[in-house]
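Visitor: The structure that follows is given in the form of structure tokens.
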Amino acid sequence: MNKRIEILFQFIKFGIVGVMNTCSSWVIYYPLIFLHVNYIVATTIAYILSSILGYCLNHKWVFKSNIYDSKSVLKYYIVYGSSYVINITCMWLFVDVLHFSTYLAPILTLCVTVPYNFLFNRLWVFTQKENQYLKDAKKYHTFAICAYKESPYLEECIKSLLEQTIKSNIIIASSTKNKHIDSLAKKYHIKTYYRDGKSDIQDDWNFAVKQTKTELVTVVHQDDIYYPTYVENILSNYTGKELMIFVDNHYYIDGKSVNNKNLKIKKILKFPLTIPGIKNIRWIRKLTLSLGNTVQCPSVTYNKELLKPQIFTSDLKFALDWDTFLKIYQMKGKIQYIPFKQMAFRISDEATTKKSMDNSLRITEDTIMFEKFWPKSIVKRIMKYYVKCYEVYEKED
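Using the numbering used here, read the sequence shown as starting at 99 and increasing by one per residue.
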């Protein structure tokens with residue numbers, strides 16, 4: 099497509115988003131004016147709330163970015179912050195100086211702010227510069243698949259890793275040597291490592307990490323599926339100082355994508371981790387884990403160079419991941435949360451999660467974890483409600 103036509107269509111879509119954004123702000127602004135709220139205060143409230151919708155639509159639809167960049171959020175609000183100053187200045191000019199109606203002034207202000215916002219969003223906010231980690235991904239990142247027995251989903255998992263937009267390394271680690279794993283490893287030219295001894299989640303995960311040569315490692319469950327832009331998102335947000343980087347996910351049950359109430363609650367609890375300036379305050383990070391484990395273990399990429407000597411050191415089995423995240427959150431250093439769905443966590447009868455549910459291990463260990471945050475009397479009350487979230491692991495008929 100001709101570059102000028104592309105820019106024109108982009109501007110039209112930006113204008114449509116602007117109309118939607120403006121309408122949403124007016125829905126807030128005019129009732130406040132009707133309630134005799136000062137027009138500056140009303141404009142401020144409307145501007146802040148409507149900007150959230152604007153960012154989401156511009157990111158996904160107008161500029162078609164599949165990559166979350168925490169810096170882009172900051173840049174977006176710098177642009178909209180400066181736009182806000184222009185907005186208020188224009189409002190002051192139209193209302194106090196030129197004595198236009200407070201109902202007409204916002205419409206006239208759009209003629210100034212829309213071109214300004216489009217220009218800076220296109221040329222600065224949503225323009226991504228390639229970094230050193232993206233240029234040489236295999237030097238920095240490895241997928242370590244923890245395979246167990248003969249999973250019918252292992253091949254689908256491998257394919258999702260091979261289809262990444264940015265290619266990195268893939269290995270398979272297992273404590274259950276068998277022909278199924280060997281045949282898939284041979285088919286897709288993946289190096290395989292076998293551990294001697296009885297299968298154990300913590301030992302298997304640490305073994306898998308130890309076999310990798312890169313500083314970043316994603317411990318992959320053999321049942322799960324990763325979006326093609328997973329590695330690209332991870333490396334786009336990596337600066338070399340993050341202890342861990344993790345993404346959002348959805349559940350995959352009986353071949354269907356499920357985004358249930360549990361995941362929505364987790365996303366709300368993780369919201370403080372998206373706010374620059376406070377997201378790496380350790381007590382705030384810890385607070386996001388205090389009402390349950392908000393992070394799915396295979397959605398995490400670890401910086402093993404900063405987490406030496408071993409990443410997984412918990413005494414727990416099922417709650418191993420929750421306990422690990424708590425340990426990392428309490429460490430000095432950065433974590434990066436990418437609030438985009440970049441992988442699917444499969445729930446099946448073969449999964450360790452399901453087996454842990456069957457023998458009540460989850461209830462016991464979740465209680466232990468809650469007691470690390472709350473007095474026992476409060477934990478008892480929390481568990482009465484928390485066990486209801488286990489229903490997601492019940493297979494649908």
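We treat Cβ as the ideally placed atom computed from N, Cα and C, and that holds for glycine.
Comparing alpha-carbon positions, which option in S168, I114, A271 and D167 lies nearest S297?
Guide: Minimum Cα distance to S297 is reached at A271.
Visitor: Look at the Cβ atom of L206, then the Cβ atom of F198, and state whether they are nearer than 8 Å.
Guide: A contact, by the Cβ cut-off of 8 Å.
Visitor: Mind listing, in chain order, the continuous alpha helix (DSSP H) runs of no fewer than 4 residues lying wholly within the region 108-187?
Guide: Segments of the alpha helix (DSSP H) lying fully in the region 108-187: 137-155.
Visitor: Is N185 a contact residue of the ligand COA, with contact defined as CB to any heavy atom under 7 Å?
Guide: In the structure on display, the ligand COA does not appear, and there are no ligands present to speak of.
Visitor: Give me whichever residues DSSP pairs with L331 in a beta bridge.
Guide: Going by the sequence as given, residue 331 is Asn instead of Leu. Beta-bridge pairing links N331 to no other residue.
Visitor: Have a look at N164 and P326 and give me their C-alpha separation to the nearest angstrom.
Guide: Each residue's alpha carbon lies about 10 Å from the other.
Visitor: Is Q408 helix, strand or coil when you go by DSSP?
Guide: The answer is coil: DSSP assigns Q408 none of H, G, I, E or B.
Visitor: Since I believe T240 is in contact with T310 (beta carbons under 8 Å), could you give me their beta-carbon distance rounded to a whole number of angstroms?
Guide: Confirmed, about 4 Å.
Visitor: In chain order, what residues of the same chain lie with their CB nearer than 6 Å to the CB of I150, ignoring the 5 residues before and after it?
Guide: Excluding residues within five positions, none has a Cβ falling inside 6 Å.
Visitor: Taking the CB atoms as reference points, tell me whether V64 and A242 lie closer together than 8 Å.
Guide: For the chain, the structure presents residues 99 to 495; residue 64 sits outside this window and is missing.
Visitor: Tell me whether M481 is buried or exposed, calling it buried when 16 or more other Cβ atoms sit within 10 Å of its Cβ.
Guide: Exposed, since its Cβ has fewer than 16 Cβ neighbours within 10 Å.
Visitor: Could you tell me which residues DSSP puts in a beta bridge with V345?
Guide: For V345, which the question treats as bridged, DSSP gives the partners I436.
Visitor: If contacts are defined as beta-carbon pairs under 8 Å, then K339 and G431 qualify, I think. What distance do you get, rounded to the angstrom?
Guide: So it is a contact: roughly 7 Å between Cβ atoms.
Visitor: Which residues mark the beginning and the end of the beta strand (DSSP E) in which V398 is found?
Guide: Note, V398: beta strand (DSSP E), V398 to N401.
Visitor: In terms of alpha-carbon separation, which member of H348, L221 and S180 lies closest to V210?
Guide: Of the listed residues, the one whose Cα sits closest to V210 is S180.
Visitor: So which of L361, P370 and L314 has the shortest CA-CA distance to I343?
Guide: Out of L361, P370 and L314, L314 has the C-alpha closest to the C-alpha of I343.
Visitor: Shortest alpha-carbon distance to H287 belongs to which of S273, L259, K275 and Q300?
Guide: Ranking S273, L259, K275 and Q300 by Cα distance to H287 puts L259 first.
Visitor: Compare the C-alpha of C395 against each of Q300, V356 and P370 and name the closest.
Guide: Of the listed residues, the one whose Cα sits closest to C395 is Q300.
Visitor: T465 bridges to which residues according to DSSP?
Guide: Answer is none; T465 lacks a bridge partner.
Visitor: Can you tell which of S266, I382 and Y350 has its C-alpha closest to the C-alpha of I332?
Guide: The shortest C-alpha separation from I332 is found at S266.
Visitor: Less than 8 Å between the CB atoms is what I'm expecting for S44 and A144, so what's the real figure, rounded?
Guide: Here the chain has residues from 99 to 495 only, and residue 44 is not among them.
Visitor: Out of curiosity, what's the CA-to-CA distance linking V477 and F468?
Guide: The straight-line gap from Cα to Cα measures roughly 6 Å.
Visitor: The beta strand (DSSP E) spanning I382 covers which residue range?
Guide: Premise fails: I382 lies in the alpha helix (DSSP H), R380 to L385, not in any beta strand (DSSP E).
Visitor: Report the partner residues of E340 according to the DSSP bridge assignment.
Guide: Paired residue(s): K432.
Visitor: To the nearest whole angstrom, what separates the beta carbons of Y350 and R380, a pair I think is in contact under 8 Å?
Guide: Going by Cβ atoms, the distance from Y350 to R380 rounds to 33 Å, so no, they are not a contact pair.
Visitor: Who pairs with I268 in a beta bridge, going by DSSP?
Guide: Paired residues: F241.
Visitor: Under 8 Å between the Cβ atoms of F410 and W303?
Guide: Against a cut-off of 8 Å, the Cβ pair of W303 and F410 comes out as a contact.
Visitor: May I ask you to report which of helix, strand or coil DSSP gives F471?
Guide: If DSSP states are grouped into helix, strand and coil, F471 belongs with coil.
Visitor: Would you kindly work out how many angstroms separate the C-alpha atoms of S168 and I376, rounded to a whole number?
Guide: C-alpha separation (whole angstroms): 13 Å.
Visitor: With distances taken Cα to Cα, identify the nearest neighbour of Y484 among L459, L389, I433 and L404.
Guide: Among L459, L389, I433 and L404, the Cα nearest to that of Y484 belongs to L389.
Visitor: What is the DSSP secondary structure of S355, reduced to helix, strand or coil?
Guide: Of the three classes helix, strand and coil, the one that applies to S355 here is strand, per DSSP.
Visitor: Alpha carbon to alpha carbon, how far is I126 from A140?
Guide: If you take the alpha carbons of I126 and A140, they lie about 8 Å apart.
Visitor: Please report the distance separating the alpha-carbon of K308 from that of N229.
Guide: The straight-line gap from Cα to Cα measures roughly 26 Å.
Visitor: On the DSSP bridge assignment, give the partners of I319 in chain order.
Guide: Here residue 319 is His; the residue named in the question, Ile, does not match the sequence. DSSP output for H319 lists C244 as bridge partner(s).
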